[in-house]
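Peer 1:
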Amino acid sequence: MQLFFLRNMETFFIKDDVHFNAKDIFECGQIFRYVKKEEGVYGVFSADKYAIVSPSPMGWQIQTKDREYFRHFFDMDTCYGDIISRLIELSPILKEATEYGKGIRILKQDLFETIISFIISANNNIKRIQLIIEKLCLYLGEKTPYGYAFPTKKTLSSVDAAFFRQIGAGYRADYLQHTAKMLFNDFDLEQLKSMDTASARKKLTELKGVGAKVADCILLFGLSRYDVFPVDIWIKKVYHKYYECGLPHSQIADFFVNKFQNLSGFAQQYLYYYLRNIDK
DNA sequence: TCCCAGGCAAGGC
DNA sequence: GCCTTGCATGGG
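Everything in the first sequence is counted per the working numbering, starting at 7 for the first residue and increasing by one.
(1) Using C-beta distances below 8 Å, list every residue in its chain close to residue 89, excluding the 5 sequence neighbours before and after it, in chain order.
(2) Have a look at the DSSP bridge pairing and note the partners of residue 150.
(3) Which ranges would you report for the beta strand (DSSP E) in the region 53 to 138 if only whole runs of at least 3 residues count?
(4) Using C-beta distances below 6 Å, list every residue in its chain close to residue 222, excluding the 5 sequence neighbours before and after it, in chain order.
(5) Check whether the region 135 to 152 and the region 246 to 264 touch, using three or more Cβ-Cβ pairs below 8 Å as the test.
(6) Quick one: is residue 8 buried, meaning 16 or more other Cβ sit within 10 Å of its Cβ, or exposed?
(7) Quick check on DSSP: helix, strand or coil for residue 45?
(8) If you reduce the DSSP assignment to three classes, tell me which class residue 237 lands in.
(9) Output the boundary residues of the alpha helix (DSSP H) element that contains residue 211.
(10) In this structure, does DSSP put residue 140 in helix, strand or coil?
(11) Taking residue 15 as the reference, give the member of 58, 111, 143 with the closest Cα.
(12) Pick helix, strand or coil for residue 17, following the three-state DSSP scheme.
(13) Helix, strand or coil for residue 8? Go by DSSP, reduced to three states.
(14) Using the C-alpha atoms, what's the distance from residue 200 back to residue 56?
(15) What did DSSP end up calling residue 40 once you bin it into helix, strand or coil?
(16) Count the C-beta pairs between the region 96 to 105 and the region 207 to 220 that are closer than 8 Å, then say yes if the count reaches three, no if not.
(17) Which value, in whole angstroms, describes the spacing of the CA atoms of residue 168 and residue 245?
(18) Report the three-state DSSP secondary structure of residue 193 (helix, strand or coil).
(19) Assign residue 19 to one of two classes, buried (16 or more other C-beta atoms within 10 Å of its C-beta) or exposed (fewer than that).
(20) Given a cut-off of 8 Å on the beta-carbon distance, is the pair residue 109 and residue 27 in contact?
(21) Mind reading off the beta-carbon distance from residue 34 to residue 279? Whole number of angstroms is fine, and I expect it under 8 Å.
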C-alpha cells in the first residue's frame, strides 16, 4: 500500500470502522469535488480546504492542514451503526441498501459551495456537473498548493452570465449569476442555521435555480438537516419499485419524511446510492 | 436522431 | 395545488 505524504499536513487516523469507506462516501453522489487517485485513495476539496483519504494498516488515514474541519466534515461524532439499525426497522429495503452502502457518511459541506453546486446539478449528469464546477474553481478560485479553492461569494458575484455559459452551465447560467449576487449582497446564509427546516426550505427557494429538490440537498449536505428527502429521478424509481406508487411527484418527499422522520436524509442517501448502482 | 442526466421557472387550468 | 413545456449541453 502506497502512502501519500504531503508537506505541512497533519495526519490523523480513523480506526477501522465498517461505517467509513472512502469510495462510498465520495461516490454516493453527495459531493462533486473529489479525485480518485487509486483504489480507496481520494483527494477531496471543501471550500478552500483539502484532505487526502487513504487506507492504511492503522485505519483510514486523513492528511490535511485542517484537522478539526475534516473531523467535523466527516461527521465523526455520529454513530452510523445506530442509524442503520433504526432505518432497517422502518423499512425492509433499507437492509439491502445500508448493507450495500454501509461506508457512507453524510458530509457536512460548505453551505455556499453546496448551493452553487446543486444549482448546477439540476437536470444534469454527474460528470458534467463535476466538469463545470472544476472550471468554476480553475478560473475563479484561489490557487493553493494542492489545487484551486472554490470561488468566494465576492468573486462569483462579480462575473456575468456569459461566463457561466462559457464554462458549460447552459440555461443555469442566469440562475447562477442571479443567485451569486443575491448571496453576496442581501441574502443572509447565517439566519438559515437558526430556522426550522420548513422555513429554511422556503427561504432557500427564493434563490433562482433552487426548487424543492435542490433546496433539500442544500438542507441535507450544507445545513445538516436530516428531516428532508431530496427527490430526483432516481428516488422516483425507488418509490415506484419498492413503495406505493399513487402519489403525485410533489408529495413523494413528504411520504418519505413521514416514514423516516429525522433519519430521512440518511435513508435517502443509502437508497439513492443503492439504486444507482444496482438498477442502472 | 432521440433519450437521458441528483429539476427549475413560467404559464395554464 | 397539480400538470405541461422549454430549457443548454454532452454522452450513450
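In this text, a Cβ means the ideal position worked out from N, Cα and C, and glycines have one as well.
Remember, predicted model here, so these are calculated numbers, not experimental data.
Peer 2: Checking against the coordinates, here is how it stands:
(1) Along the first sequence, one-based indexing puts residue 89 at 83. Excluding residues within five positions, the ones whose Cβ falls inside 8 Å are 269, 272.
(2) Here the question's residue 150 lines up with position 144 in the first sequence. In the DSSP output, where bridge partners are listed per residue, residue 150 has 153.
(3) For the region 53 to 138, whole beta strand (DSSP E) runs of length 3 or above, ordered along the chain, are 55 to 62, 65 to 70.
(4) On the first sequence, position 216 is the one that residue 222 refers to. Hits under 6 Å: 234, 236.
(5) Between the region 135 to 152 and the region 246 to 264 there are fewer than three inter-stretch CB-CB distances shorter than 8 Å, so the stretches are not counted as touching.
(6) Taking the first residue of the first sequence as position 1, residue 8 is located at position 2. Legend: pLDDT at residue 8 = 45, less than 50; position of this residue unreliable, value from coordinates given subsequently. Burial call: exposed.
(7) On the first sequence, position 39 is the one that residue 45 refers to. In the structure shown, residue 45 adopts coil according to DSSP, grouped into three states.
(8) Here residue 237 corresponds to residue number 231 of the first sequence, with the count starting at 1. In the structure shown, residue 237 adopts coil according to DSSP, grouped into three states.
(9) Here residue 211 corresponds to residue number 205 of the first sequence, with the count starting at 1. Segment: none, residue 211 is in no alpha helix (DSSP H) and carries neither H nor E.
(10) To locate residue 140, count along the first sequence from 1; it is residue 134. The answer is helix: DSSP assigns residue 140 an H, G or I state.
(11) Sequence index remark: in the first sequence, residue 15 carries index 9 (1-based). For residue 15, the nearest C-alpha among the options comes from 58.
(12) Here residue 17 is taken as the residue at index 11 of the first sequence, counted from 1. Residue 17 falls in the strand class under three-state DSSP.
(13) In the first sequence, residue 8 corresponds to position 2, counting from 1. Residue placement at residue 8 is poorly supported in this model, since its pLDDT is 45, which falls under 50; the coordinates still yield a value, given next. If DSSP states are grouped into helix, strand and coil, residue 8 belongs with coil.
(14) Here residue 56 refers to the residue found at position 50 of the first sequence. Here residue 200 refers to the residue found at position 194 of the first sequence. Residue 56 and residue 200: Cα-Cα distance of roughly 28 Å.
(15) Position 34 of the first sequence, counting from 1, holds the residue named residue 40. Strand.
(16) Counting Cβ pairs under 8 Å, fewer than three are found: no touch.
(17) As a position in the first sequence, residue 168 is number 162, starting the count at 1. As a position in the first sequence, residue 245 is number 239, starting the count at 1. CA-CA distance, residue 168 to residue 245, rounds to 38 Å.
(18) As a working mapping, residue 193 is identified with position 187 in the first sequence. Residue state, collapsed to three classes: coil.
(19) Taking the first sequence and counting its residues from 1, the one referred to as residue 19 is at position 13. Label assigned to residue 19: exposed.
(20) Counting from 1 along the first sequence, the entry for residue 109 is found at position 103. Counting from 1 along the first sequence, the entry for residue 27 is found at position 21. Yes.
(21) As a position in the first sequence, residue 34 is number 28, starting the count at 1. As a position in the first sequence, residue 279 is number 273, starting the count at 1. The distance from the Cβ of residue 34 to that of residue 279 is about 4 Å, consistent with a contact at the 8 Å cut-off.
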